[in-house]
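Counting in the working numbering, the sequence shown runs from 1 upward without gaps.
Worksheet: the structure to be examined is printed underneath.
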Amino acid sequence: MSIKSRLFCLFALLGTLTACQGQVVTERVIIVTATPDSRATATFEAAKAATEAVPTATPTQSPTPDPFPTPVIGAIYVAEQRFERGWMLWLQPNQQIWLLTVNDSDEHLWSVYDDDFVDGDIESDPEIVAPEGKQQPIRGFGKLWRENLEVRTAIGWALEDELGHTTRYEYHHGGALGADNQYIAGPGYHLVESLYGDTFRFNEVDSTWQIVE
């Protein structure tokens, strides 16, 4: 189910909070463990099909007297695919698909879906014939695209193959310090580097995305 406009989405890394998946609530908690992938040389299909977490060392935040949380920086395994009107990203740590779309008003909207594809599901529908130069997405992207008309309409046809890679990930906490110098949590933002060197920024405060340098 997609994140609605203005949805507060507090990101908790390092396993300090409990994930809330598959439903829209007042506060949505998504856990993404940013870790270096020790199997970065493995093929994409093998990595994506793996059912066990990659054994890695979890990075820690540096101690600081400042009550405001420091950014969490690490590496995660992702898949990405470019479409007519945006991108799909698959995040291995939390098994989610992040949908990046651009509507007719040039709004850059970010939505989150659980990836419920399992081995044995059909990877593509042979009855769906893409126009020349375009293609039907496969596996998890394809299942979401085929079964959700809203997603298919918003993002269009795939323009290239789905590719997987280990990439840099950052989470920057939002919020503010109260009168007693205590941290008050608030919407932050995520940075995920694409395979082609662009950096996607995901804004929790309004469920939008943008490309930053």
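No residue lacks a Cβ here, since even glycine has one placed at the ideal position from N, Cα and C.
Given the structure is predicted, the values throughout are model-derived calculations rather than measurements.
Would you kindly report the start and end of the unbroken alpha helix (DSSP H) that includes V151? L149 to I155
With distances taken Cα to Cα, identify the nearest neighbour of L160 among G142, T166, T153 and N148. Reading off the sequence, residue 160 comes out as Glu, not Leu. Here the closest residue by C-alpha is G142.
Neighbourhood of S194 by C-beta distance below 7 angstroms, restricted to the same chain and skipping five residues each side: E80 and F200
Does DSSP classify G120 as helix, strand or coil? coil
Whole angstroms is fine: what's the gap from H173's alpha carbon to G186's? 7 angstroms
Backbone CA spacing between W145 and N181 [nearest angstrom]: 46 angstroms
Could you check which residue in E170, L91 and D106 has the C-alpha nearest to that of G140? L91
So, at 7 angstroms on beta carbons, what are the nonlocal neighbours of R168 in its own chain, with the 5 sequence-adjacent residues on each side left out? A75 and E193
Taking a contact to mean a Cβ-Cβ separation below 8 angstroms, would you say D125 touches Q136 in this structure? yes
To which residues does DSSP link V212 through a beta bridge? T199
Run through DSSP, which three-state label would R85 get? coil
Looking at the structure shown, is L159 part of a helix, part of a strand, or coil, going by DSSP? coil
Is the beta carbon of D121 closer than 8 angstroms to that of I97? no
Buried or exposed for V78, please, with buried defined as at least 16 other CB atoms from any protein chain shown within 10 angstroms of its CB. buried
Identify the continuous beta strand (DSSP E) that holds W101 and give its terminal residues. What sits at residue 101 in the sequence shown is Thr, not Trp. Start and end: Q96 to V102.
So, using beta-carbon positions, are F83 and A158 closer together than 8 angstroms? yes
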